[in-house]
Amino acid sequence: MLIEHRGKSPVVPDTAYVAPSAVLCGAVVLGEGARIMHGAVLTAEDGEVRTGTNVVVLENALVRGRAKHPAILGDAVLIGPHAHINGATVEDEVFVATGAAAFPGAVAGTRSELRLNSVLHVNSRLAPDTVLPIGWIAAGDPARLFSPDQHDELWEVQRGLDFPGTVYGVARGTSMRTLMARQADFYGAHRDDRTL
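Residue numbers (this note's numbering): 217 to 412.
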């Protein structure tokens, strides 16, 4: 489904394929040979989503562009099922496995791999040719790799990356009532969307 959002419509070249149950919303630009499979959502609420050539976004993956952090997928990229690319740059020839996530301001370097359920944190840069192991977290610039049992060490790096400021534009400690009132208002802009 192609949706116009805030006056911007997706651009899909003739060589691309978008499954009938996939959604492209707003300023989404697909590259030649892109394949967007069933249930995948590429949404440009307030920032662009762009793919290179021969990109495959598999079932139920989410790629979200943000105002300060467009979602950019390079050439020959695979985004696995249930993966979440939120305002991140994924350079050429990157493999993003099932359930992996990359957050705003993050960069997955050329030929890197984000394995099952791994996380590339906000404002973090994974070096080219790096493998982020299953369930691990990469944080910092350059990114350090943390296993799930290293929470204290991770927090020392993660705290300075400013997740709430980068993702929501608020200070750490902002109440959920305040945050969700802002988010409800932000997503309310979809009331004016138009199916193409």
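Every residue, glycine too, gets a C-beta built ideally from N, C-alpha and C.
Just so we're clear, the structure is a prediction, and the values are computed from it rather than from any experiment.
Start and end residues, beta strand (DSSP E) containing residue i
{"i": "F362", "result": "360-362"}
{"i": "E220", "result": "218-220"}
{"i": "V228", "result": "Neither: V228 is in no beta strand (DSSP E) and is coded neither H nor E."}
{"i": "V239", "result": "239-245"}
{"i": "I288", "result": "287-289"}
{"i": "A354", "result": "353-355"}
C-beta contact flag for residue i and residue j at 8 Å
{"i": "V293", "j": "G268", "result": "yes"}
{"i": "P226", "j": "L218", "result": "yes"}
{"i": "R282", "j": "P344", "result": "no"}
{"i": "R264", "j": "A250", "result": "For clarity, residue 264 is Glu in the given sequence; the question names Arg instead. No; because the gap between Cβ atoms is not below 8 Å, this pair is not in contact."}
{"i": "D357", "j": "S340", "result": "yes"}
{"i": "A317", "j": "V335", "result": "yes"}
{"i": "R331", "j": "E309", "result": "no"}
{"i": "H257", "j": "V239", "result": "It should be noted that the sequence gives Val, not His, for residue 257. Yes, the Cβ-Cβ distance between V257 and V239 is below 8 Å."}
Reduced DSSP secondary structure (H/G/I, E/B, other) of residue i
{"i": "E261", "result": "strand"}
{"i": "G281", "result": "strand"}
{"i": "E372", "result": "helix"}
{"i": "H367", "result": "helix"}
Residue i Cβ short of 7 Å to the ligand GDP heavy atom set
{"i": "R410", "result": "Among the components modelled here there is no ligand, and therefore nothing to report on the ligand GDP."}
Beta bridge counterpart(s) of residue i as assigned by DSSP
{"i": "R341", "result": "V323"}
{"i": "Y403", "result": "Its beta-bridge partners do not exist; DSSP assigns none."}
{"i": "A397", "result": "Answer is none; A397 lacks a bridge partner."}
Span of the alpha helix (DSSP H), counted from its first residue to its last, around residue i
{"i": "V381", "result": "Looking at the sequence shown, residue 381 is not Val but Gly. 379-384 is the span of the alpha helix (DSSP H), which, as asked, contains G381."}
Rounded C-alpha distance that separates residue i from residue j
{"i": "D408", "j": "Q399", "result": "16 Å"}
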